[in-house]
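Reviewing the structure listed below.
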Amino acid sequence: MTAYANEFHGAAALGLHAFVTLPFWLTLAGVALAGYLYLVRRDLPEKIRRKVGVLYTVLERKYGFDDFNDRVFAAGARMLGGKLWRWGDVALIDGAAVNGSARLIGRIARVARHLQTGHVYHYAFAMVIGVALYLAWLTWFAQR
Amino acid sequence: MDMQTLYLIVPLAPLLGAILAGLFGRSIGRAGAAGVTIASVAVAFLASVLIFQDVLAGNTFNGPVYTWLTSGDLRLEVGFLIDPLTAVMMLVVTFVSLCVHVYTLGYMADDPGYQRFFSYISLFTFSMLMLVMSNNFLQLFFGWEAVGLVSYLLIGFWYTRESAIYANLKAFLVNRVGDFGFLLGIGLIWAHFGTLDYVEVFNKAPQFANHTLTLIEGQPWMLMTVICILLFVGAMGKSAQVPLHVWLPDSMEGPTPISALIHAATMVTAGIFMVARMSPLFELSDTALSFVLVIGAITALFMGFLGIIQNDIKRVVAYSTLSQLGYMTVALGVSAYSVAIFHLMTHAFFKALLFLAAGSVILAMHHDQDIRNMGGLRKYMPITWITALIGSLALIGTPFLSGFYSKDSILIAVGHSELAGSGFAWFAVTLGVFVTAFYSFRMYFLVFHGKERFHNAHAGHDQEGGKDDDSHHGHHHGGHSTPHESHWVVTVPLILLAIPSLLIGYLTIEPMLFGDFFGSAIHVCSAVSSAAQSMSIMPRTAP
């Protein structure tokens, strides 16, 4: 930028100098070509388009950025979401955690209900065994 | 009135307008909503002019106006940093916003969402002003997200259209990708510098110049390089640089006034502004600058190519915007920050002009946007024609017009750079000049010159459906009618924007690039390549 500052001789001078620079002639060429193709020979753009089919398709598809994003990121995110839903939500949380714990309780209850016979002497017997075990445990610890 | 009150008025006036129009739109009515928002933005513009004069006189300001919360070392504040860089952005934002507000009177005249629209664009103006006036990273991020939110709301303004909903969701998601990087960058700054205040960070930055960061064992990275690239990822999202550019062309689903204001003149330049503001950090990493340079060069050239084949008038201008944002990014990459801001300013005027002119054409064509169906319009809409011609000439860089000075300065700056990637960048921006001229005048000739094709086109117009069919807009036209010049509320903003498009480059290149205008607001490290030196330090050689 030092060099630029040294070259700079005011806005008007820069404007006049432009007429001998490459960008100016490139600009002029761009305008002239646009005028020729879209005012004079209006049939040419269509012909050029057909000639450079592949190139036109690349531009038409915007270099494929959108397609890539749609197919990889958008579709990928949807697929990931679908998988997480099926394995995480449906299988793991709903299946294993929610329904699984309900099933587990059911299974425990199915076994445990055999204890509930409704006979008083069964309960009395259970109490006697319990008291015996408790006393055994107490004496065991009292000795130490 | 002291200056601090004036600083507060600038963002708060549009906020008040947005609240009144948005929450009380039904009771104050259509005219009331338009009146209150236009008045509030006009107040913000006038206050910006006063502040600009004050800054020109040498007064700057940096300080908090409100402390939001304090927690240990963390102090979150709302504060303003008013320096030449901020003052320029404030003027550009409020001026273009004012033009767009007035233009909206005509463009949205038949829309049922009139008050909602005015509320949104005022809210946008508030957010953008908070972004540019900020003196800390938190408020910067607030403004950054707020403009993103309003952009989302406005792209999907016509929310019954499938394509508009798709476009605003896309814009939102792509911007999240950029914001992710941006937030990580801010987080790294907080983690290492312990403050979010710009000036404190900039003062501490040189100490961290040789600091490294190890993410993967045995692969140390320069801390500043990581921070700058992460911040720039945020800029890539907001300023639509490849590969995060995909949302901008689709954002054209929104109403034309916001395409001009948000997706051409102001919001998309937030990334450019942010990098220029962070120049003391970027100057510490040549790697990050090379990255910025190459991304910008790719965007400038390849998005220009896409402009050539578009047939929707707004999409041609949208790709042109992408390409021009690439030019600004290239200027940032070669450390020519003042040139980037200079191009940002000139571009804001002539691109807003081109968009509003395109909107005027769209009105005349009864919301048909296909340029193949236009032609010969210069006879019917002389003001739109002349102003669009001025805009196009400014865009392609016709000598003495505003775009010429800014674009030529970028080319010269790149030509003098020795940074890695500058050879490719020079080739890209130089070829880009030809491409810009070609697509701009392809559109100009197809719209304003040649055979009048709209007589045939309009018969089949209704069947085109989709985005071209704005039937809920209230335009019911049988058969074909002769296009006519738009209402004065549409043409006056065009004229107001055409004047700076013609003159501003000529008038401001000396102070902005070679004078001491930016002063310490933009930092260019003297240790980096000679090309980057003394953009604003070297005295101008006498003619």
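Residue numbers (numbering that gives the first Met the number 0), protein chains in the order written: chain A, 0 to 143; chain B, 0 to 542. Quick reminder that beta carbons are idealized off the backbone N, C-alpha and C, glycines included. As the structure is a computational prediction, the values presented were derived from the model and not from experiment.
Residues near residue i by beta carbon distance below 8 Å, same chain, minus five either side
i      : result
A/Y3   : none
B/V267 : K237, S238, A239, L247, I261, T320 and L324
B/V446 : I312, V360, I370, M373, G374, L376 and A387
A/R40  : none
Assumed close pair residue i, residue j - CB separation to whole angstroms, cut-off 8 Å
i      : j      : result
B/H346 : B/Q323 : 5 Å
B/L362 : B/S238 : Not confirmed; about 29 Å, so no contact.
B/G544 : B/D72  : Because chain B spans 0 through 542 in this model, residue 544 of chain B falls outside it and cannot be assessed.
B/F181 : B/L260 : That belief does not hold up - the Cβ atoms of B/F181 and B/L260 are roughly 22 Å apart, past 8 Å.
B/S500 : B/L388 : 10 Å between Cβ atoms; not a contact.
B/I483 : B/I409 : Per the sequence shown, residue 483 of chain B should be read as His rather than Ile. That belief does not hold up - the Cβ atoms of B/H483 and B/I409 are roughly 39 Å apart, past 8 Å.
Close beta carbons around residue i, own chain, < 6 Å, minus the five adjacent residues each side
i      : result
B/K545 : Residue 545 of chain B lies beyond the residue range present for chain B, which begins at 0 and ends at 542; the question has no answer from this structure.
B/T429 : none
B/R452 : N372 and G374
B/L212 : W220, L222 and V225
B/D82  : T59 and A520
B/D196 : N135
A/K46  : none
B/M544 : Here chain B has residues from 0 to 542 only, and residue 544 of chain B is not among them.
Minimum Cβ-Cβ distance from residue i to chain B less than 8 Å
i      : result
A/K61  : yes
A/Y3   : yes
A/G52  : no
A/V30  : yes
A/T26  : yes
A/A33  : yes
A/F18  : yes
A/L13  : yes
A/F140 : no
A/D66  : no
A/L137 : no
Chain A contact for residue i (CB, 8 Å cutoff)
i      : result
B/E451 : no
B/L445 : yes
B/G518 : no
B/Y404 : yes
B/A357 : no
B/A436 : yes
B/Y505 : yes
B/T328 : no
B/D72  : no
B/H448 : yes
B/T320 : no
Same chain, Cβ closer than 7 Å to residue i, neighbours up to 5 away in sequence not counted
i      : result
A/D66  : R60
B/L5   : A46, L49 and I50
B/T85  : V131 and M132
B/V333 : L292, A412, V413, S416, L418, S421, A530 and A531
B/V146 : F123, S126, M127, L130, M266 and A269
B/F354 : T255, S258, A259, A263 and V316
B/S121 : P13, G16, A17, A20, T36, S39 and V40
B/V232 : G177, G180 and F181
Buried or exposed (CB count within 10 angstroms, at least 16 for buried), residue i
i      : result
B/N174 : buried
A/G75  : exposed
A/V127 : exposed
B/I508 : buried
B/E282 : buried
B/Q543 : One cannot answer for residue 543 of chain B here, as it falls past the ends of chain B, which runs 0 to 542.
B/Q138 : buried
B/S337 : buried
B/G431 : buried
A/F18  : exposed
A/R102 : exposed
A/N98  : exposed
A/E6   : exposed
B/H522 : buried
A/I107 : exposed
B/L300 : buried
A/Y35  : exposed
#### Entry: Positions along the segment 74 to 100 of chain A whose CB lies within less than 7 Å of some CB in chain B
none
### Query
If you measure beta-carbon to beta-carbon, which residues of the segment 123 to 135 of chain A are closer than 7 Å to chain B?
none
### Message
Short of 7 Å Cβ to Cβ, which residues in the segment 103 to 117 of chain A face chain B?
### Response
none
### Message
Under 8 Å, CB to CB, which of the residues in the segment 411 to 427 of chain B have a partner in chain A?
### Response
I411, A412 and H415
### Message
Any C-beta of chain A within less than 9 Å: which residues of the segment 239 to 263 of chain B qualify?
### Response
If the cut-off is 9 Å between Cβ atoms, the segment 239 to 263 of chain B has V241, P242, H244, V245, P248 and D249 near chain A.
### Message
If the cut-off is 8 Å on Cβ atoms, which residues from the segment 286 to 307 of chain B count as contacting chain A, listed in chain order?
### Response
F301, F304, L305 and I307
#### Entry: Within 8 Å of chain A by C-beta, residues of the segment 334 to 350 of chain B in sequence order
S334 and A335
### Task
With 8 Å as the C-beta to C-beta threshold (strictly closer), list the residues of the segment 371 to 402 of chain B near chain A in chain order.
I395, G396, T397, P398 and F399
### Query
Which residues, in order along the segment 38 to 51 of chain A, keep a beta-carbon less than 9 Å from a beta-carbon of chain B?
L38, R41, P44 and R48
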